[in-house]
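Participant: Protein chains in written order, with full-length UniProt numbering: chain B, 1 to 324; chain L, 1 to 269.
We treat Cβ as the ideally placed atom computed from N, Cα and C, and that holds for glycine.
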């Protein structure tokens, strides 16, 4: 009886929800695809509503995935915390996440496999993310961040490890930075109000922060490595081993998407309007990441080293199973 | 519960209650317009009310907005219906059987304060990121509101009436219908009113944190995009939904309890 109360509620909820989902218009592809002359494999990809995933939206719109026999549904989700479990449980076939998160998941024995690169740093100034301070701050270079409060979106992840590395390269003490956790959208306001000395902000929020009088003291991605691969598309090891054709088609379609996205920033700006709400003024001013599908094992090795060096993990990460 | 009705009559003499309410909203809007314009808060982070309302008007002209609104209402209604049915049925059954009541009491008290949002990781693992996960949160939070009220209602049944019914050998269902239910209904209605509001809060929360559907989803996307005016516009939409839900719940309560002293009193005043 103890459990049956909550179990009954759960069972009822899921039963009703399943029927509701079955009739919803969100997933019409499963049955209709089969009746088409060319059978498309339904594939769901968990993505975050940010600039980084513009190419895959573009690829869906341009039909690159259909050409590979895939009927891709993009599901927006709130970061890796939701996407990784959904990919592991098989609800999504693919997901998008930053590389350090993938390494940390791998370290915790979550069976993931990267299939293609997501985004790279631009490798130069400006990048699509950096550590911003107010104009009148006395922080002039990455080394000055030592002993200061710096906002990052997630503690013990790619933000603080690359910032620490940038600070160390610049001769500062990376152990002496006080990182605080805060969502990117909140950072411009926190910086303006002086709640933090500096904030690691990604686009479009970096431009929101910079427009009225802040400046960047560290392009932490670029300073870590000009060719740093920030994020990647991944699947579960189960799915990768049992559906190599789907993975291959997915990667090929992604490649076409990346080529289009990097050749024409205007189409990226247009596709952003379909799944984000970014102000046109901000959109014109912001920096796009470099879109390239070729997977960088060097980045994985570097970020795994940084994770160990800065205590994100206790021992070396064996990421061989993660590599595509 | 019955006090709520009486307080309504306590408005200032000569001024209809709705007019006072409208004046309250107008004052709030004026404040929201002035605070950013006077520079008390950076308008980048709290735009003036006029900009928020303009963003709202612009959004309301799109099909995406109405589809999202419908999605939110649907999720809320399904979640509330599940909670209501489960809460009433289990409440009556548990409440009428002393053994069950004692057996479950500590468990219920333990489970009830567990915040629904704490279940998000479980929900995502078990049910994915769709409507089902949000429903789990909604049902978990609002079910207890109904259950606790119904349990209290069943316990409030006049023991003499109950014993009399038993002496006359009423069948269980007849006893529930004629003795237990009339006493429990007002409690269940209070549960419904509480659950309706809680269900809406959790619906928007689930959409915001898990599924990115509905009004909560639009709010999350506006936030991720740094579209501050749109973000506040969706907050206003969620607030207005709350007002509508409350009006609906009160209306239902009054219809269902037209015979009950609390409602009759309200009409008299």
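Closer than 7 Å, Cβ to any Cβ of chain L: which residues of the segment 49-79 of chain B, in chain order?
Facilitator: Under the 7 Å Cβ criterion, the segment 49-79 of chain B contributes 49, 50, 75, 76, 77, 78.
Participant: Under 9 Å, CB to CB, which of the residues in the segment 225-257 of chain B have a partner in chain L?
Facilitator: Answer set for the segment 225-257 of chain B: empty.
Participant: Go ahead and pull the three-state DSSP assignment for residue 232 (chain B).
Facilitator: The residue you call residue 232 (chain B) lines up with position 232 of the first chain. DSSP places residue 232 (chain B) in strand when its eight states are reduced to three.
Participant: Does DSSP classify residue 92 (chain L) as helix, strand or coil?
Facilitator: Counting from one through the second chain, the residue named residue 92 (chain L) turns up at place 92. It is helical.
Participant: Between the alpha carbons of residue 128 (chain L) and residue 37 (chain L), how many angstroms are there, rounded?
Facilitator: On the second chain, position 128 is the one that residue 128 (chain L) refers to. On the second chain, position 37 is the one that residue 37 (chain L) refers to. Looking at the two C-alpha atoms, the distance is approximately 44 Å.
Participant: Quick check on DSSP: helix, strand or coil for residue 75 (chain B)?
Facilitator: Position 75 of the first chain, counted from the first residue, corresponds to residue 75 (chain B). Residue state, collapsed to three classes: strand.
Participant: Within 10 angstroms of its Cβ, does residue 34 (chain B) collect 16 or more other Cβ (buried), or is it exposed?
Facilitator: Within the first chain, numbered from 1, the residue matching residue 34 (chain B) stands at position 34. Its pLDDT being 43, under 50, residue 34 (chain B) is placed unreliably in this model, and the coordinates cannot settle the point.
Participant: Which chain B residues sit within Cβ distance under 9 Å of residue 238 (chain L)?
Facilitator: Taking the first residue of the second chain as 1, we reach residue 238 (chain L) at position 238. Chain B residues near residue 238 (chain L): none, gap ~16 Å exceeds 9 Å.
Participant: Who are the neighbours of residue 278 (chain B) on chain L, taking C-beta pairs under 8 Å?
Facilitator: Locating residue 278 (chain B) in the first chain gives position 278, counting from the first residue. Correct list: 225, 226, 227.
Participant: Report back the beta-carbon spacing between residue 159 (chain B) and residue 153 (chain B) to the nearest angstrom; my notes put them in contact at under 8 Å.
Facilitator: In the first chain, the residue the question calls residue 159 (chain B) occupies position 159. In the first chain, the residue the question calls residue 153 (chain B) occupies position 153. At roughly 6 Å, the Cβ-Cβ gap stays under 8 Å, so residue 159 (chain B) and residue 153 (chain B) are in contact.
Participant: For the candidate residues L:142, L:111, L:213, L:151, whose alpha-carbon lies nearest to that of residue 75 (chain B)?
Facilitator: Against the first chain, residue 75 (chain B) aligns to sequence position 75. Considering only alpha carbons, the answer is L:213.
Participant: Take residue 47 (chain B) and list the residues in its own chain whose beta-carbon comes closer than 6 Å to its own, dropping the five residues that flank it on each side.
Facilitator: Here residue 47 (chain B) is taken as the residue at index 47 of the first chain, counted from 1. Excluding positions up to five away in sequence, the list reads 53, 74, 96.
Participant: Taking residue 254 (chain L) as the reference, which of L:218, L:233, L:98, L:187 has the closest Cα?
Facilitator: Numbered from its first residue, the second chain carries residue 254 (chain L) at position 254. Comparing Cα positions, the closest option is L:187.
Participant: Quick test of your reading: residue 247 (chain B) and residue 240 (chain B), contact by CB under 8 Å. State the CB separation rounded to the nearest angstrom.
Facilitator: In the first chain, counting from the first residue as 1, residue 247 (chain B) sits at position 247. In the first chain, counting from the first residue as 1, residue 240 (chain B) sits at position 240. Contact flag correct, Cβ pair sits at about 6 Å.
Participant: In chain order, what residues of the same chain lie with their CB nearer than 6 Å to the CB of residue 290 (chain B), ignoring the 5 residues before and after it?
Facilitator: Indexing the first chain from 1 puts residue 290 (chain B) at position 290. Around residue 290 (chain B): 120, 122.
Participant: Are residue 141 (chain L) and residue 179 (chain L) closer than 8 Å when you measure CB to CB?
Facilitator: The count along the second chain starts at 1 and reaches residue 141 (chain L) at position 141. The count along the second chain starts at 1 and reaches residue 179 (chain L) at position 179. Against a cut-off of 8 Å, the Cβ pair of residue 179 (chain L) and residue 141 (chain L) comes out as no contact.
Participant: Tell me which residues share the same chain as residue 234 (chain L) and place their Cβ nearer than 7 Å to its Cβ, disregarding the 5 neighbours each side in the sequence.
Facilitator: Here residue 234 (chain L) refers to the residue found at position 234 of the second chain. Same-chain partners within the cutoff: 215, 218, 219, 222.
Participant: Rounded to the nearest angstrom, how far is the Cβ of residue 257 (chain B) from that of residue 104 (chain B), given a contact under 8 Å?
Facilitator: For the purposes of this step, residue 257 (chain B) is taken as the residue at position 257 of the first chain. For the purposes of this step, residue 104 (chain B) is taken as the residue at position 104 of the first chain. Wrong, their Cβ atoms sit about 27 Å apart, outside the cutoff.
Participant: Residues of the segment 19-40 of chain L in Cβ contact with chain A at a cutoff of 9 Å, in chain order, please.
Facilitator: Annotation note: the requested chain A is absent from the structure, which comprises protein chains B and L.
Participant: I need the straight-line Cα distance from residue 120 (chain L) to residue 113 (chain L), nearest angstrom please.
Facilitator: As a position in the second chain, residue 120 (chain L) is number 120, starting the count at 1. As a position in the second chain, residue 113 (chain L) is number 113, starting the count at 1. Computed Cα separation, rounded: 15 Å.
Participant: For the segment 191-209 of chain B, which residues have a beta carbon sitting closer than 9 Å to at least one beta carbon of chain L?
Facilitator: Correct list: 192, 193, 204, 205, 207, 208.
Participant: Taking 8 Å as the threshold (beta carbon to beta carbon), is residue 216 (chain B) in contact with chain L?
Facilitator: In the first chain, counting from the first residue as 1, residue 216 (chain B) sits at position 216. Not one chain L Cβ lies under 8 Å of residue 216 (chain B).
Participant: Does the separation of the CB atoms of residue 115 (chain B) and residue 149 (chain B) fall below 8 Å?
Facilitator: Start at 1 with the first residue of the first chain, and residue 115 (chain B) comes out as number 115. Start at 1 with the first residue of the first chain, and residue 149 (chain B) comes out as number 149. Their beta carbons are not under 8 Å apart, which means residue 115 (chain B) does not touch residue 149 (chain B) by this criterion.
Participant: Taking 8 Å as the CB-CB limit, is residue 88 (chain L) close to chain B?
Facilitator: As a first step, residue 88 (chain L) is located in the second chain; it is residue number 88 there, counting from the start. So no, residue 88 (chain L) is outside the interface.
Participant: In terms of alpha-carbon separation, which member of B:268, B:288, B:166, B:260 lies closest to residue 202 (chain B)?
Facilitator: Residue numbering aside, residue 202 (chain B) sits at position 202 when the first chain is read from its first letter. Ranking B:268, B:288, B:166, B:260 by Cα distance to residue 202 (chain B) puts B:288 first.
Participant: Please give the ranges of any beta strand (DSSP E) in the segment 53-120 of chain B, keeping only runs that are unbroken, at least 3 residues long and fully inside the region.
Facilitator: Complete beta strand (DSSP E) runs here, min 3: 70-76, 94-98, 112-120.
Participant: Are the Cβ atoms of residue 205 (chain B) and residue 79 (chain L) separated by less than 8 Å?
Facilitator: Counting from 1 along the first chain, the entry for residue 205 (chain B) is found at position 205. Counting from 1 along the second chain, the entry for residue 79 (chain L) is found at position 79. It is not a contact, given that the beta carbons lie outside the stated cut-off.
Participant: Just checking: is the beta-carbon of residue 91 (chain B) within a distance shorter than 8 Å of some beta-carbon in chain L?
Facilitator: Here residue 91 (chain B) refers to the residue found at position 91 of the first chain. Answer yes: the Cβ-Cβ gap between residue 91 (chain B) and chain L drops below 8 Å somewhere.
Participant: For residue 108 (chain B), is the classification buried or exposed, using 16 other Cβ atoms within 10 angstroms of its Cβ as the cut-off for buried?
Facilitator: Locating residue 108 (chain B) in the first chain gives position 108, counting from the first residue. It is exposed - the Cβ of residue 108 (chain B) has fewer than 16 other Cβ atoms within 10 Å.
Participant: So, residue 206 (chain L) versus residue 138 (chain L), is the Cβ gap smaller than 8 Å?
Facilitator: Within the second chain, residue 206 (chain L) is the residue found at index 206, counting from 1. Within the second chain, residue 138 (chain L) is the residue found at index 138, counting from 1. Closer than 8 Å, so yes.
Participant: Could you give the DSSP three-state label for residue 97 (chain L): helix, strand or coil?
Facilitator: In the second chain, residue 97 (chain L) corresponds to position 97, counting from 1. The answer is coil: DSSP assigns residue 97 (chain L) none of H, G, I, E or B.
Participant: Should residue 45 (chain L) be flagged as near chain B, meaning a C-beta pair shorter than 8 Å?
Facilitator: As a first step, residue 45 (chain L) is located in the second chain; it is residue number 45 there, counting from the start. At least one chain B Cβ lies under 8 Å of residue 45 (chain L).
Participant: Which class does residue 19 (chain L) belong to by DSSP, given the choice of helix, strand or coil?
Facilitator: Working through the second chain from its first residue, we reach residue 19 (chain L) at position 19. Of the three classes helix, strand and coil, the one that applies to residue 19 (chain L) here is helix, per DSSP.
Participant: By Cβ distance, which residues of its chain are closer than 7 Å to residue 230 (chain L), with the 5 residues on each side in sequence left out?
Facilitator: Indexing the second chain from 1 puts residue 230 (chain L) at position 230. Closer than 7 Å at the Cβ level, and outside the excluded window around residue 230 (chain L), lie 55, 59, 222.
Participant: Out of B:92, B:198, B:49, B:280, which one is the CA nearest neighbour of residue 78 (chain B)?
Facilitator: Within the first chain, the letter at position 78 stands for residue 78 (chain B). When only C-alpha atoms are compared, the closest one is B:49.
Participant: Using 8 Å as the limit for Cβ to Cβ distance, is residue 29 (chain B) near chain L?
Facilitator: Numbered from its first residue, the first chain carries residue 29 (chain B) at position 29. Residue placement at residue 29 (chain B) is flagged as unreliable, the pLDDT there being 43, under the threshold of 50; the coordinate-derived value follows with that caveat. Answer no: the Cβ-Cβ gap between residue 29 (chain B) and chain L never drops below 8 Å.
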